[in-house]
Amino acid sequence: MNSANKITPHNSSLLNRAARAIAAVEDGVLVLVVGTMIVLAASQILLRNILDSGFSWGDPLLRILVLWAGLVGAMVATREDNQITIDILSRFLPEKIRLLSRAITDLFASLVCAVLAYHGGRFVWMDWADGAIAFANIPAWACEIVIPTGFGAIGLRYALLSLSRLKHLSPTSS
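Numbering of the sequence shown is given in the working numbering, commencing with residue 5 and proceeding in unit increments.
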């Protein structure tokens with residue numbers, strides 16, 4: 005490895021701080037979304053059963069929050085390399101082949117996520133251009149922005165996981 009490719013302690017520290025900050029934002033958004041879902045769903049149930057009413061925007065917002073919780077949760081799971089996998093054969097493979105297999109599947113997942121992020125971005129762009137409203141004067145694009153953002157982040161993480169696994173396969177890694 006030449007000196008231009010080395011990560012200096014200063015750069016490493018900066019990258020670590022950035023990664024921790026991003027993780028804190030993701031965790032905070034996930035807690036906020038799930039907490040809001042719980043409070044809103046409980047409120048809707050109580051209002052319907054006790055007062056025979058509810059918030060007209062409550063159910064559409066809950067549907068959107070489920071989307072956000074799913075995608076932000078998937079971002080967190082990918083960050084922790086703790087996503088759902090089908091692991092039938094890899095436990096029987098030698099370590100090097102298992103790492104190569106995971107690198108290939110991570111790369112494939114990254115490509116799929118990139119396609120989903122691209123088309124999610126097109127979807128958000130169309131709703132922005134059309135001026136679509138999700139509910140209560142909230143623009144639809146603001147509710148849907150998590151689609152390209154989430155899949156983009158997941159795809160980037162899968163690409164980085166794939167590179168990390170490939171790096172461990174190189175003869176120079178120790």
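Heads up, the beta-carbon is just placed ideally off N, CA and C, and yes, glycines get one too. All values reported here derive from a predicted model rather than from experimental measurement.
I need the boundaries of the alpha helix (DSSP H) containing residue i, first residue and last residue.
i: residue 112; result: 99-134
i: residue 153; result: 150-173
i: residue 62; result: 62-83
List the DSSP bridge partners of residue i.
i: residue 139; result: 142
Considering Cα atoms alone, identify which of the options is closest to residue i.
i: residue 33; options: 159, 130, 78, 108; result: 78
i: residue 150; options: 175, 120, 133; result: 120
i: residue 104; options: 27, 31, 168; result: 168
i: residue 160; options: 147, 38, 83, 89; result: 83
i: residue 87; options: 110, 54, 39; result: 110
i: residue 54; options: 28, 46, 27; result: 46
i: residue 48; options: 38, 60, 37, 141; result: 60
i: residue 89; options: 22, 162, 133, 118; result: 162
i: residue 116; options: 94, 156, 102; result: 156
i: residue 129; options: 118, 38, 152, 113; result: 152
i: residue 108; options: 62, 23, 165, 96; result: 165
i: residue 63; options: 127, 122, 138; result: 138
i: residue 113; options: 91, 158, 94; result: 158
Might you give, ordered along the chain, the residues of its own chain that have their beta carbon closer than 6 Å to the beta carbon of residue i, omitting 5 neighbours on each side?
i: residue 52; result: 58
i: residue 10; result: Low local confidence applies: a pLDDT of 44 at residue 10 is under 50, so the model's placement there is unreliable, with the coordinate-based value given in what follows. Correct list: empty, nothing qualifies.
i: residue 136; result: 144
Using only the heavy atoms of the ligand SAH, determine whether one of them is closer than 7 Å to the beta carbon of residue i.
i: residue 41; result: For the structure depicted, the ligand SAH is absent and the ligand set is empty, with no information on it obtainable.
Just to confirm my understanding: we take residue i, look at its own chain, exclude 5 residues before and 5 after, and list those with CB closer than 8 Å. What are they?
i: residue 41; result: 66, 69, 70, 73
i: residue 131; result: 143, 144, 145, 148
i: residue 100; result: 173
i: residue 31; result: 80
i: residue 12; result: In this predicted model, residue 12 has a pLDDT of only 46, less than 50, meaning its place in the structure is not dependable; the value taken from the coordinates is given anyway. So the list is empty, once near-sequence residues are dropped.
i: residue 97; result: 105
Within the same chain, show all residues whose beta-carbon is closer than 7 Å to that of residue i, passing over the 5 residues directly before and after it, in chain order.
i: residue 175; result: none
i: residue 124; result: 151, 152, 155
i: residue 37; result: 69, 72, 73, 76
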